[in-house]
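Here's the structure, in structure tokens; my notes come after.
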Amino acid sequence: MPGDGIGPEVTQCAAEVLRHVRPDVECTLAPVGAAALAAGLPALPAETKALCDRSDAVLFGSVGLPEYDGLPLAQRPEYALFVLRRDYELYANLRPVRVFPGLEDASSLRPEIVRGLDLIVVRELTGGIYYGRPKEQRTVDGVEEAVDTMIYRAPEIERIARIAFDLARGRRKHVTSVDKQNILETSRLWRRVVTEMSAQYPDVRLEHLLVDNAAMQLVARPGDFDVILTENMFGDILSDEAAILTGSLGTLPSASLGSRGSAGRQFGLYEPIGGTAPDLAGKDVANPTAAILSAAMLLRHSLADDSSAARIERAVDGAYADGLRTADVARSAGAHVSTRAFTQAVLARL
Ligand code: IPM
Ligand code: MG
């Protein structure tokens, strides 16, 4: 589902890479977001949804364009994502953040601070303030007001915490749980449930941070983070912050996983975290890395094909190591390559 802005270009690149390593994977294109709205369809057309039902995974571009900003959620392109996450219960959003060797100078932080940075944000994706009810604008006693509801049920916290602890076991065994427990009741429950679960993971170190402090520590000592576990909205905000540590939002993939699927066929939605970047659309300048690495995550998580995923990741690393740079990560005076040229470079290294 290519979607809007740079979505079509980068998804096309990712699909080419995917087909290159796995020619047996059947890919079907479907409209979503503003692209669907412009064709007189809803943001998530019924046919697109039906196609998802028959698919093992969704490779998603991005949705959203400024001209829809004034409309209610249900009429905006983002509604497609909102519904997909909800209807397929894609509660676990994994956002790995890693600095490519040789790209340290692209970060807004000093290279010695970001060198070796390798963390993953585990964001709860189907609860909290995004989905809680009531959620509306209304007029009470002649005064306009609006309400969003932040709500968590303990089982929702448990299942996402389990994902984070399990992931930590395969990494540096450190979970940082982020909340706002000095103010929010949801956070008090969050902290208690996560702490209780940590008893089942004595080998994993658990640290709690308040979200404001976490935002600060992320730029002060990013290398100290391993797995960041947090609720939906904090995760939305912190993952953009974490991503830009690498120098560009254009390099970071994500996976949204739920409980649908069988062994070796975990249904998931895979997308760049960077958004539609409408100012870059159609110019062949966007960085396709996030989309290409999303395809790698798709292979790993939905098709249980670690080796193809690793091949793609090595090819991307190789392209960066050999000095290829799209405009977003180019050294200020350095030459840069186009979206297509970068993709060709990745294909050539496969
Ligand atoms: C993201 C995006 C979405 C979100 C938008 C497009 C609804 O920012 O995936 O991080 O807020 O979750
Ligand atoms: Mg976001």
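Residue numbering for the sequence shown is 149 to 498, as defined by my numbering. For each residue, glycine too, the CB sits at the ideal point set by N, CA and C. All values derive from a computational prediction rather than experimental measurement.
Notebook entry, point to check: Start and end of the beta strand (DSSP E) containing Thr287?
Noted result: By 1-based counting over the sequence shown, the position of residue 287 is 139. Gly280 to Val288 is the span of the beta strand (DSSP E), which, as asked, contains Thr287.
Next item on the list: Starting from Gly406, follow the beta strand (DSSP E) in both directions and report where the run begins and ends.
Entry: Within the sequence shown, numbered from 1, the residue matching residue 406 stands at position 258. For Gly406, the enclosing beta strand (DSSP E) has its first and last residue at Ala403 to Ser410.
Check: For the ligand IPM, any of its heavy atoms closer than 7 Å to the Cβ of Leu229?
Finding: Taking the sequence shown and counting its residues from 1, one reaches residue 229 at position 81. Leu229: yes, Cβ under 7 Å from the ligand IPM.
Item checked: Supposed close pair His322, Asp374 - CB separation, criterion 8 Å -> Taking the sequence shown and counting its residues from 1, one reaches residue 322 at position 174. Taking the sequence shown and counting its residues from 1, one reaches residue 374 at position 226. 4 Å between Cβ atoms; contact.
Margin query: For a quick check, are the C-beta atoms of Val262 and Val247 less than 8 Å apart?
Written below: Along the sequence shown, read from residue 1 onward, the residue named residue 262 stands at position 114. Along the sequence shown, read from residue 1 onward, the residue named residue 247 stands at position 99. A contact, by the Cβ cut-off of 8 Å.
Check: Does the beta carbon of Leu400 sit closer than 8 Å to a beta carbon anywhere in chain C?
Finding: The displayed structure is made up of one protein chain only, and chain C is not part of it.
Next item on the list: Return the bridge partner residues of Ala240 from the DSSP annotation.
Entry: Numbered from 1 along the sequence shown, position 92 holds the residue referred to as residue 240. According to DSSP, Ala240 bridges with Glu272 and Leu405.
Next item on the list: Figure out for me which residue from Tyr468, Tyr279, Gly471 and Thr424 has the closest Cα to the Cα of Leu232.
Entry: Position 84 of the sequence shown holds residue 232. The candidate whose alpha carbon is nearest that of Leu232 is Tyr279.
Checklist line | Assumed close pair Pro436, Phe382 - CB separation to whole angstroms, cut-off 8 Å | finding: As a first step, residue 436 is located in the sequence shown; it is residue number 288 there, counting from the start. As a first step, residue 382 is located in the sequence shown; it is residue number 234 there, counting from the start. With 8 Å as the limit, Pro436 and Phe382 do not qualify as a contact, their Cβ atoms being about 28 Å apart.
Next item on the list: Assign Arg224 to one of two classes, buried (16 or more other C-beta atoms within 10 Å of its C-beta) or exposed (fewer than that).
Entry: Counted from its first residue, the sequence shown places residue 224 at position 76. So Arg224 counts as buried.
Item checked: Inter-residue spacing [alpha-carbon to alpha-carbon] between Leu273 and Ala302 -> Taking the first residue of the sequence shown as position 1, residue 273 is located at position 125. Taking the first residue of the sequence shown as position 1, residue 302 is located at position 154. Distance between the alpha carbons of Leu273 and Ala302: 15 Å.
Checklist line | Beta bridge counterpart(s) of Leu207 as assigned by DSSP | finding: The residue labelled residue 207 in the question sits at position 59 within the sequence shown. Leu207 is bridged by DSSP to Tyr418.
Note to self: Quick test of your reading: Ser396 and Ala483, contact by CB under 8 Å. State the CB separation rounded to the nearest angstrom.
What the structure shows: If you number the sequence shown from 1, residue 396 lands on position 248. If you number the sequence shown from 1, residue 483 lands on position 335. Actually they are not in contact, since the Cβ atoms of Ser396 and Ala483 sit about 17 Å apart, beyond 8 Å.
Item checked: Where the alpha helix (DSSP H) containing Arg369 begins and where it ends -> The residue given as residue 369 occupies position 221 in the sequence shown. Taken as a continuous stretch (DSSP letters only), Arg369 belongs to no alpha helix (DSSP H), as it is neither H nor E.
Item checked: Proximity test, Glu237 beta-carbon vs the ligand IPM heavy atom, cut-off 7 Å -> Here residue 237 corresponds to residue number 89 of the sequence shown, with the count starting at 1. It does not: the Cβ of Glu237 is nowhere closer than 7 Å to a heavy atom of the ligand IPM.
Checklist line | Gly153 CB to nearest heavy atom of the ligand IPM below 7 Å | finding: As a position in the sequence shown, residue 153 is number 5, starting the count at 1. Gly153 Cβ: outside cutoff for every heavy atom of the ligand IPM.
Notebook entry, point to check: Closer than 7 Å: is that where the CB of Glu226 sits relative to any heavy atom of the ligand IPM?
Noted result: One-based indexing of the sequence shown puts residue 226 at position 78. Checking the Cβ of Glu226 against the ligand IPM gives yes.
Check: With distances taken between CB atoms, is the gap from Pro370 to Leu393 smaller than 8 Å?
Finding: Walking along the sequence shown from the start, residue 370 turns up at place 222. Walking along the sequence shown from the start, residue 393 turns up at place 245. Going by C-beta atoms, Pro370 is nearer than 8 Å to Leu393.
Item checked: Alpha-carbon spacing of Leu242 relative to Asp289, whole angstroms -> Indexing the sequence shown from 1 puts residue 242 at position 94. Indexing the sequence shown from 1 puts residue 289 at position 141. Their Cα atoms are separated by approximately 44 Å.
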